[in-house]
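As structure tokens, the structure follows; a few thoughts come after it.
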Amino acid sequence: MNSVPDERKKLKYKLKKWFRDLSTIVKKDLLSTKRVKQYFFAGVIPPLVMLIVFSSFTQISDPETYTVIIVDDDNSQLSEIMVDYVANISSDIAPWFTTIKVSTYDEAVVLLRDFTYLGLIYIPSGFDANITSGIPGQKGMVYLIVQNINNDYVKNYMQRLDEAVLTFNEKEHVSVGSVDMFAVSLDKTYVIDQEVNNGKSITLGIIAMYGIICGLVFGALNIAKEYEDSTIIEIANSPVRRTAYMASKQLISVILGGLVILILSILLFLLFHIEFRGDIFIVIISFVLITWIHSGIGCLIGLKFKRTMPVLLICIIASMLLWFFTGGFAPLMILGENIMLISRFIPATYWTEILIAETLYPSLPYILPRLGILIILSIIITLVSWYLISKEGFRS
Amino acid sequence: MNSHSTNRSGKVQRLFFNEIMKNIRVIIRGPTRTILIISIIFPLIYLSFMNMIFGVLNFNFPMAVVIPDYNSNEELNNAIESNNIPNTVQFLGYLNNNSVVGETIVKSHISALGISIDEFEEKLKLQELPLVVTLPLNFNNIISQVKNGTWTNGSITIKLHILNIDEDYLKNLYFGFQRKLKAYYDEVLSNETEITYVYLPADPNRITFPRMWTIGSGALVFLCLTSSMIIAASFIFNEKTDHMKQELALASSKNRTTTFFGKISATLILTVGVNFTIGAVLVFLWIGLPIPFDILGFLLITIITTLIGALFGSIIGALIPQQVYTVPTAVFIALTTLFLCGGFQDIQLFNPLLQSIVEWVPFTYLYVIFKNTLLTGDLTPPTYVGGIILYTVIFTLLGLYLYHKFVISSK
Numbered sequence: 001m002n003s004v005p006d007e008r009k010k011l012k013y014k015l016k017k018w019f020r021d022l023s024t025i026v027k028k029d030l031l032s033t034k035r036v037k038q039y040f041f042a043g044v045i046p047p048l049v050m051l052i053v054f055s056s057f058t059q060i061s062d063p064e065t066y067t068v069i070i071v072d073d074d075n076s077q078l079s080e081i082m083v084d085y086v087a088n089i090s091s092d093i094a095p096w097f098t099t100i101k102v103s104t105y106d107e108a109v110v111l112l113r114d115f116t117y118l119g120l121i122y123i124p125s126g127f128d129a130n131i132t133s134g135i136p137g138q139k140g141m142v143y144l145i146v147q148n149i150n151n152d153y154v155k156n157y158m159q160r161l162d163e164a165v166l167t168f169n170e171k172e173h174v175s176v177g178s179v180d181m182f183a184v185s186l187d188k189t190y191v192i193d194q195e196v197n198n199g200k201s202i203t204l205g206i207i208a209m210y211g212i213i214c215g216l217v218f219g220a221l222n223i224a225k226e227y228e229d230s231t232i233i234e235i236a237n238s239p240v241r242r243t244a245y246m247a248s249k250q251l252i253s254v255i256l257g258g259l260v261i262l263i264l265s266i267l268l269f270l271l272f273h274i275e276f277r278g279d280i281f282i283v284i285i286s287f288v289l290i291t292w293i294h295s296g297i298g299c300l301i302g303l304k305f306k307r308t309m310p311v312l313l314i315c316i317i318a319s320m321l322l323w324f325f326t327g328g329f330a331p332l333m334i335l336g337e338n339i340m341l342i343s344r345f346i347p348a349t350y351w352t353e354i355l356i357a358e359t360l361y362p363s364l365p366y367i368l369p370r371l372g373i374l375i376i377l378s379i380i381i382t383l384v385s386w387y388l389i390s391k392e393g394f395r396s
Numbered sequence: 001m002n003s004h005s006t007n008r009s010g011k012v013q014r015l016f017f018n019e020i021m022k023n024i025r026v027i028i029r030g031p032t033r034t035i036l037i038i039s040i041i042f043p044l045i046y047l048s049f050m051n052m053i054f055g056v057l058n059f060n061f062p063m064a065v066v067i068p069d070y071n072s073n074e075e076l077n078n079a080i081e082s083n084n085i086p087n088t089v090q091f092l093g094y095l096n097n098n099s100v101v102g103e104t105i106v107k108s109h110i111s112a113l114g115i116s117i118d119e120f121e122e123k124l125k126l127q128e129l130p131l132v133v134t135l136p137l138n139f140n141n142i143i144s145q146v147k148n149g150t151w152t153n154g155s156i157t158i159k160l161h162i163l164n165i166d167e168d169y170l171k172n173l174y175f176g177f178q179r180k181l182k183a184y185y186d187e188v189l190s191n192e193t194e195i196t197y198v199y200l201p202a203d204p205n206r207i208t209f210p211r212m213w214t215i216g217s218g219a220l221v222f223l224c225l226t227s228s229m230i231i232a233a234s235f236i237f238n239e240k241t242d243h244m245k246q247e248l249a250l251a252s253s254k255n256r257t258t259t260f261f262g263k264i265s266a267t268l269i270l271t272v273g274v275n276f277t278i279g280a281v282l283v284f285l286w287i288g289l290p291i292p293f294d295i296l297g298f299l300l301i302t303i304i305t306t307l308i309g310a311l312f313g314s315i316i317g318a319l320i321p322q323q324v325y326t327v328p329t330a331v332f333i334a335l336t337t338l339f340l341c342g343g344f345q346d347i348q349l350f351n352p353l354l355q356s357i358v359e360w361v362p363f364t365y366l367y368v369i370f371k372n373t374l375l376t377g378d379l380t381p382p383t384y385v386g387g388i389i390l391y392t393v394i395f396t397l398l399g400l401y402l403y404h405k406f407v408i409s410s411k
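Residue numbers (this note's numbering), protein chains in the order written: chain A, 1 to 396; chain B, 1 to 411.
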């Protein structure tokens, strides 16, 4: 008769005990983390250095704006219009060209040959006359001469001049006889109504990386430190439940990682003027899940190597690799179908996608399936890591 | 007198070689052997990623095209199948064709056709489709009139709906589309094109190197620097905890200097003999880098790069408080030089201020000379070679000073 309330009581007692074990280990780990500076060094510094390197590279080198010398031998109204198009053509983020006007072709070629500048746009005399001649097939010619150091520069100069030439053709309708020349013009609409530059993309990628690296490093170091200090033997001989022990390790990663990511995210969002559009609650849930997943994997790395030095290196390398393959460094769409296929098997892909989408372009139908996958993966990885640690971790 | 000095020089030589052998043994047998593997892995990670971006030499994206002249998709498909809109189909062909810029192939393809933008809004929102192109009404007829020379109404507008999720992706996508449009203009509507342009290489006698060759050359320098910095820093740091340190503290300056150069030499042997050899074979095979014109010059610049890295590593080793900081410090210094000193792209493309700064940094000289030697066979420019010699002397003196002050004399 009384069996049901008894069972409940038992369960309540068990749970209470489990949570007491959990809080004891969490307190102990938090104290030991304070002593181990390398936790924070490994968890915080690598992504920050990557951010500084990549953003300073994109900001300082200003690769979006190419300097080009212009020589206009025609000096006509139409050639001046063309020069204006070259000078003013731009993306929504940066101008395509910075122009330097030089009066003679020979002078410009000298500047090109000695690498003072890398590109030259030459408009020969007869440009205007050819356009307005009315003879079919007679066109105004522009010459692009590029220092051919590598094919990427050539490509960049050509693409930019493509745009200037097309714009000229679209907008300058030269009447030949009674016929107005035909042109196709392009009207762009961006799906995301905020500017997405490389600085923003890299920053979001770096924040995504914190979710990975904090989970891996904090989880792995916590376990490896137990082996190095031999405190694992005390744990093994204590009545602390194995599951509470494992949960505490993962909880520590989530708490510390949460603190790191909170402080850095606020700083980075302010620094790079990123406007958050989505639901912060969804991002927090995804972060907890991804850190939980990676701390589980980190615990297994700690279990396998048992020493802080190799564990630290493996976690940093693994985080960098995951960052590359999950869309943190560059969108997966650029990397091709094979990488996109591989990335589907990596949990961090879904976290990165949720973070980027929630920040720039929130869409529940896009986010919910990814969140679901993260929940399923966190359950699977938790079960596997808890089982393996319980089985292998407490052997003397 | 002579036999005494020969005896002393023999002792120095013995100490020097013993030091080299000791350090090699330590790293091969000791727990730090993972360092050997890790210093190869880092540059390969970098290279593999760059290879994914630049090495494939093609850029592929799907697009949907809206042709709003019909009431249903069925009608549209019938019109296409029965060849009722040949000009539109011809234009679609251009959007489906690969276009080539330099060595990069833009391989976009039409993944869907529709009669209204509404059909694709959800796909844009779910990021399944990065571009939707909407043709104007009566596109087929307009092009017919243009071809007949009867069109007098000026330009028509094609609408593009672009998923601007990332700046680089957006740039590739938009330029890729422009390239196709230009090909259509040049080939189909050539009479209506008002201006066009011709590309000429500045140096027609030189082949335009693929971007991956520059990156491959940068990756090899990165490999040399990372490996030599990590290994040398570990050797120097090990001395801090070595039992021999107390004896070394009592030794003469000459003997201390000998042990320092022993460590640097051991780094050179390991880096060039093991790390660089393995890494270079992989990089050459992977990227298809050409065999250097001047093998000896290439070997020389490899040794110089490793030497500079080793000397810089000795400074790191003397200054770091724990060995665990060796790898991250070395990797991040090498990574910074890779991006800011011309390993990733030539410094001529940087803005003038950055150029004038990095031209004083020794690593810039290494990246530039290494690339020139590898790809053109010239150990140039001479000013950079002179700069490297000067910096080698400075780093040697600094490394020695820090080794004496922070390693041997530390408590």
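By construction, the Cβ of each residue, glycine as well, lies at the ideal position given by its N, Cα and C atoms.
At 9 angstroms on the CB atoms, spell out the chain B contacts of residue i, in chain order.
i               : result
D162 of chain A : V101, F175, Q178, R179, L181, K182, Y197
K225 of chain A : Per Cβ cutoff of 9 angstroms: no residues; K225 of chain A is ~12 angstroms from chain B at best.
V311 of chain A : By Cβ distance, chain B contributes nothing, its closest Cβ being about 10 angstroms from V311 of chain A, past 9 angstroms.
Is it right to say residue i is buried, meaning 16 or more other beta carbons lie within 10 angstroms of its own, or is it exposed?
i               : result
K371 of chain B : buried
W360 of chain B : exposed
P347 of chain A : buried
I316 of chain B : buried
L11 of chain A  : exposed
V281 of chain B : exposed
S217 of chain B : buried
R211 of chain B : buried
R160 of chain A : buried
Q77 of chain A  : exposed
E358 of chain A : buried
A129 of chain A : exposed
N79 of chain A  : The sequence given here places Ser at residue 79 of chain A; Asn does not occur at that position. Counting Cβ neighbours within 10 Å, S79 of chain A comes out buried, since at least 16 surround it.
Going along chain A in order, which residues have a C-beta closer than 8 angstroms to the C-beta of residue i?
i               : result
Y185 of chain B : L166, N169, V184
L319 of chain B : Going along chain A, no residue has its Cβ under 8 angstroms from L319 of chain B, so there is no contact; the nearest lies around 15 angstroms.
K125 of chain B : V191, Y361, S363, P365, Y366
N60 of chain B  : G336, E337
Q348 of chain B : F115, L118, Q147, I149
Kindly list, in the order they appear in chain C, the residues whose Cβ is closer than 8 angstroms to that of residue i.
i               : result
P331 of chain A : Absent here is chain C; the protein component of the structure consists of chains A and B.
Taking residue i as part of the alpha helix (DSSP H), name the residues at either end of that continuous run.
i               : result
S125 of chain A : Where S125 of chain A is concerned, there is no enclosing alpha helix (DSSP H), given that its DSSP letter is neither H nor E.
R193 of chain B : It should be noted that the sequence gives Thr, not Arg, for residue 193 of chain B. Looking at the DSSP string, T193 of chain B is not in any alpha helix (DSSP H), and its letter there is neither H nor E.
When you compare only the Cα positions, how much space is there between residue i and residue j?
i               : j               : result
I373 of chain A : V385 of chain B : 56 angstroms
G399 of chain B : A310 of chain B : 10 angstroms
N148 of chain A : A164 of chain A : 21 angstroms
A251 of chain B : A334 of chain B : 34 angstroms
A112 of chain B : E192 of chain B : 29 angstroms
G205 of chain A : T336 of chain B : 18 angstroms
D74 of chain A  : F127 of chain A : 6 angstroms
K180 of chain B : T134 of chain B : 15 angstroms
K240 of chain B : T203 of chain A : 39 angstroms
G279 of chain B : W286 of chain B : 10 angstroms
V86 of chain A  : I347 of chain B : 24 angstroms
I280 of chain A : I162 of chain B : 26 angstroms
List, in chain order, every chain A residue whose beta-carbon is nearer than 9 angstroms to that of residue i.
i               : result
E359 of chain B : Going along chain A, no residue has its Cβ under 9 angstroms from E359 of chain B, so there is no contact; the nearest lies around 12 angstroms.
F209 of chain B : N148, I149, N150, N151
L160 of chain B : L186, D187, K188, T189
Run down chain B in chain order and give the residues with a C-beta less than 8 angstroms from the C-beta of residue i.
i               : result
N222 of chain A : Near N222 of chain A there are no residues of chain B at all, since even the closest Cβ is about 16 angstroms away, more than 8 angstroms.
P136 of chain A : N191
If I follow the unbroken beta strand (DSSP E) through residue i, where does it start and stop?
i               : result
Y387 of chain A : Segment 364-392 is the alpha helix (DSSP H) holding Y387 of chain A; no beta strand (DSSP E) there.
Y66 of chain A  : 66-72
V132 of chain B : 131-134
Which whole-angstrom value is the C-beta distance of residue i and residue j, which I expect to be below 8 angstroms?
i               : j               : result
Y184 of chain B : F61 of chain B  : With a Cβ gap of about 18 angstroms, Y184 of chain B and F61 of chain B do not count as contacting.
T308 of chain A : G215 of chain A : With 8 angstroms as the limit, T308 of chain A and G215 of chain A do not qualify as a contact, their Cβ atoms being about 17 angstroms apart.
Can you pull the chain A neighbours of residue i, defined as C-beta to C-beta under 7 angstroms?
i               : result
V214 of chain B : Residue 214 of chain B is actually Thr in this sequence, not Val. Simply N150.
Give me the chain B residues within the contact set of residue i, using Cβ-Cβ distance strictly less than 7 angstroms, ordered along the chain.
i              : result
P46 of chain A : P328
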